[in-house]
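Residue numbers (my numbering): 149 to 321. Working notes, beginning with the structure itself.
This is how it looks when you write it as C-alpha coordinates:
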(Lines of atoms letter the chains of each structure in order from A; the text may use other names.)
(Lines give C-alpha, C1' and ligand atoms only; values in the text may rest on other atoms or scores of the structure.)
Protein backbone atom coordinates (compact mmCIF):
# COMPACT_ATOMS: atom_id res chain seq x y z
CA UNK A 149 0.00 0.00 0.00
CA UNK A 150 1.29 3.47 -0.90
CA UNK A 151 1.43 5.89 2.06
CA UNK A 152 2.43 8.91 -0.03
CA UNK A 153 -0.33 11.57 0.50
CA UNK A 154 0.26 13.00 -2.98
CA UNK A 155 -0.42 9.61 -4.59
CA UNK A 156 -4.19 10.11 -4.80
CA UNK A 157 -3.73 13.60 -6.26
CA UNK A 158 -1.26 12.26 -8.81
CA UNK A 159 -3.69 9.51 -9.75
CA UNK A 160 -6.51 12.07 -10.11
CA UNK A 161 -4.28 14.26 -12.28
CA UNK A 162 -3.44 11.27 -14.49
CA UNK A 163 -7.15 10.48 -14.75
CA UNK A 164 -7.83 14.10 -15.71
CA UNK A 165 -5.02 14.05 -18.27
CA UNK A 166 -6.46 10.84 -19.78
CA UNK A 167 -9.93 12.42 -19.82
CA UNK A 168 -8.56 15.56 -21.50
CA UNK A 169 -6.66 13.57 -24.14
CA UNK A 170 -9.73 11.43 -24.94
CA UNK A 171 -11.86 14.62 -25.18
CA UNK A 172 -9.31 16.17 -27.56
CA UNK A 173 -9.48 13.03 -29.73
CA UNK A 174 -13.29 13.12 -29.68
CA UNK A 175 -13.48 16.71 -30.95
CA UNK A 176 -10.63 16.11 -33.40
CA UNK A 177 -8.40 18.75 -31.85
CA UNK A 178 -4.69 19.01 -31.28
CA UNK A 179 -4.37 21.11 -28.10
CA UNK A 180 -6.27 21.14 -24.81
CA UNK A 181 -7.15 24.83 -25.30
CA UNK A 182 -9.46 23.71 -28.11
CA UNK A 183 -11.67 22.03 -25.50
CA UNK A 184 -12.58 25.43 -24.04
CA UNK A 185 -14.94 26.21 -26.92
CA UNK A 186 -17.05 23.17 -26.02
CA UNK A 187 -17.40 24.05 -22.31
CA UNK A 188 -20.11 26.61 -21.46
CA UNK A 189 -19.89 28.85 -18.40
CA UNK A 190 -22.62 30.44 -16.30
CA UNK A 191 -21.86 34.02 -17.39
CA UNK A 192 -22.48 33.10 -21.02
CA UNK A 193 -20.20 31.99 -23.80
CA UNK A 194 -17.46 29.40 -23.52
CA UNK A 195 -14.73 28.87 -20.94
CA UNK A 196 -11.62 31.04 -21.25
CA UNK A 197 -8.37 29.10 -21.55
CA UNK A 198 -7.02 30.77 -18.38
CA UNK A 199 -10.06 29.50 -16.47
CA UNK A 200 -9.53 26.04 -17.95
CA UNK A 201 -5.89 26.02 -16.83
CA UNK A 202 -6.80 27.31 -13.34
CA UNK A 203 -9.52 24.66 -12.90
CA UNK A 204 -7.12 21.98 -14.07
CA UNK A 205 -4.90 22.58 -11.04
CA UNK A 206 -7.23 24.08 -8.43
CA UNK A 207 -10.49 22.24 -9.11
CA UNK A 208 -9.78 19.19 -11.28
CA UNK A 209 -12.94 17.32 -10.20
CA UNK A 210 -15.22 20.10 -11.47
CA UNK A 211 -13.27 20.38 -14.73
CA UNK A 212 -13.51 16.61 -15.19
CA UNK A 213 -17.28 16.72 -14.67
CA UNK A 214 -17.57 19.56 -17.25
CA UNK A 215 -15.53 17.62 -19.79
CA UNK A 216 -17.52 14.44 -19.20
CA UNK A 217 -20.88 16.23 -19.38
CA UNK A 218 -20.28 18.43 -22.44
CA UNK A 219 -17.77 16.41 -24.47
CA UNK A 220 -17.33 12.76 -23.46
CA UNK A 221 -20.99 11.89 -22.66
CA UNK A 222 -22.36 14.06 -25.45
CA UNK A 223 -23.17 12.15 -28.63
CA UNK A 224 -22.10 15.10 -30.76
CA UNK A 225 -20.21 17.83 -28.83
CA UNK A 226 -21.04 21.29 -30.13
CA UNK A 227 -19.12 24.54 -30.00
CA UNK A 228 -20.62 27.07 -27.59
CA UNK A 229 -21.48 30.43 -29.16
CA UNK A 230 -19.14 33.15 -27.90
CA UNK A 231 -20.31 35.77 -25.43
CA UNK A 232 -21.60 38.96 -27.05
CA UNK A 233 -19.07 41.73 -26.72
CA UNK A 234 -19.24 45.42 -27.52
CA UNK A 235 -18.13 46.35 -31.02
CA UNK A 236 -14.65 47.80 -31.30
CA UNK A 237 -15.90 51.22 -32.43
CA UNK A 238 -18.80 51.35 -30.00
CA UNK A 239 -17.45 54.31 -28.05
CA UNK A 240 -17.32 56.56 -31.08
CA UNK A 241 -19.96 59.24 -31.33
CA UNK A 242 -22.29 58.48 -34.19
CA UNK A 243 -23.46 61.96 -35.25
CA UNK A 244 -20.09 63.68 -35.02
CA UNK A 245 -18.96 65.46 -38.18
CA UNK A 246 -15.30 64.92 -39.03
CA UNK A 247 -13.51 67.69 -40.92
CA UNK A 248 -10.17 67.53 -42.66
CA UNK A 249 -7.39 69.87 -41.53
CA UNK A 250 -7.88 72.08 -44.61
CA UNK A 251 -11.63 72.35 -43.98
CA UNK A 252 -11.00 73.33 -40.34
CA UNK A 253 -8.51 76.01 -41.41
CA UNK A 254 -11.04 77.42 -43.91
CA UNK A 255 -13.77 77.56 -41.26
CA UNK A 256 -11.33 79.18 -38.83
CA UNK A 257 -10.51 81.87 -41.42
CA UNK A 258 -14.23 82.48 -42.01
CA UNK A 259 -14.75 82.84 -38.24
CA UNK A 260 -11.81 85.28 -38.02
CA UNK A 261 -13.24 87.38 -40.88
CA UNK A 262 -16.62 87.41 -39.10
CA UNK A 263 -14.94 88.26 -35.79
CA UNK A 264 -16.68 85.39 -33.96
CA UNK A 265 -14.34 84.75 -30.99
CA UNK A 266 -16.38 81.82 -29.66
CA UNK A 267 -16.13 79.88 -32.93
CA UNK A 268 -12.45 80.85 -33.24
CA UNK A 269 -11.85 79.40 -29.77
CA UNK A 270 -13.67 76.18 -30.63
CA UNK A 271 -11.92 75.66 -33.97
CA UNK A 272 -8.43 76.79 -32.94
CA UNK A 273 -5.98 73.99 -32.24
CA UNK A 274 -5.49 73.58 -28.49
CA UNK A 275 -2.00 74.32 -27.24
CA UNK A 276 -0.28 72.39 -24.50
CA UNK A 277 0.33 74.11 -21.18
CA UNK A 278 4.05 74.35 -21.95
CA UNK A 279 3.37 75.90 -25.37
CA UNK A 280 0.88 78.40 -23.94
CA UNK A 281 3.32 79.38 -21.16
CA UNK A 282 6.14 79.84 -23.65
CA UNK A 283 4.05 82.05 -25.96
CA UNK A 284 2.69 84.10 -23.05
CA UNK A 285 6.16 84.72 -21.58
CA UNK A 286 7.48 85.63 -25.02
CA UNK A 287 4.68 88.18 -25.55
CA UNK A 288 5.36 89.71 -22.11
CA UNK A 289 9.07 90.06 -22.93
CA UNK A 290 8.11 91.84 -26.15
CA UNK A 291 5.80 94.20 -24.18
CA UNK A 292 2.85 92.88 -26.13
CA UNK A 293 -0.55 92.22 -24.53
CA UNK A 294 -2.59 89.44 -26.11
CA UNK A 295 -5.87 88.45 -24.49
CA UNK A 296 -6.10 85.31 -26.68
CA UNK A 297 -2.75 84.04 -25.35
CA UNK A 298 -4.00 84.52 -21.78
CA UNK A 299 -7.25 82.72 -22.64
CA UNK A 300 -5.23 79.85 -24.16
CA UNK A 301 -3.13 79.65 -20.98
CA UNK A 302 -6.26 79.62 -18.79
CA UNK A 303 -7.81 76.87 -20.98
CA UNK A 304 -4.66 74.75 -20.67
CA UNK A 305 -4.64 75.18 -16.88
CA UNK A 306 -8.33 74.38 -16.55
CA UNK A 307 -7.92 71.31 -18.76
CA UNK A 308 -5.41 70.00 -16.21
CA UNK A 309 -7.43 71.13 -13.17
CA UNK A 310 -11.18 70.83 -13.79
CA UNK A 311 -11.87 73.26 -10.94
CA UNK A 312 -10.06 76.41 -12.07
CA UNK A 313 -9.02 78.93 -9.46
CA UNK A 314 -11.03 82.17 -9.59
CA UNK A 315 -7.88 84.33 -9.95
CA UNK A 316 -7.05 82.57 -13.24
CA UNK A 317 -10.42 83.25 -14.85
CA UNK A 318 -10.32 85.47 -17.89
CA UNK A 319 -11.09 89.07 -17.13
CA UNK A 320 -11.50 91.97 -19.48
CA UNK A 321 -9.36 94.91 -18.33
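Just so you know, even glycine gets a beta-carbon here, dropped at the ideal spot from N, CA and C. Fair warning: this is a prediction, and the values are worked out from it, not measured in the lab.
Non-local beta-carbon contacts of residue 168 in its own chain, meaning distances under 6 Å to residues more than five positions away in sequence, involve 180 in chain order. Between the alpha carbons of residue 284 and residue 246 lies a gap of roughly 31 Å. The DSSP-derived three-state label of residue 208 is helix.
Boundaries of the alpha helix (DSSP H) around residue 306: 295-308. By the criterion of a C-beta distance shorter than 8 Å, residue 176 is surrounded by no residue of its chain, once the five residues flanking it on both sides are discounted. A direct Cα-to-Cα measurement between residue 189 and residue 235 gives close to 22 Å. Counting only the Cα atoms, residue 264 lies some 17 Å from residue 274. Within the model, the alpha-carbon separation for residue 170 versus residue 164 is close to 10 Å.
In the same chain as residue 178, and ignoring 5 residues on each side of it, the C-beta atoms closer than 8 Å to its own belong to 172, in chain order. Sequence-distant partners of residue 271 (beyond 5 residues in either direction) whose C-beta falls short of 7 Å from its own C-beta, in its chain, are 252, 255, 256 and 259. For the pair residue 200 and residue 223, the Cα-to-Cα distance works out to about 22 Å. For residue 267, the enclosing alpha helix (DSSP H) stretches over residues 265-271.
Between the C-alpha atoms of residue 304 and residue 206 there is a straight-line separation of about 52 Å. When C-alpha distances from residue 226 are compared across 174, 162, 212 and 267, the shortest belongs to 174. Residue 193 and residue 243 have their C-alpha atoms roughly 32 Å apart. With a threshold of 16 other beta carbon atoms within 10 Å, residue 215 meets it and is buried. The beta carbon of residue 308 sits closer than 7 Å to the beta carbons of 277 from its chain, once the five residues preceding and following it are set aside; these are given in chain order.
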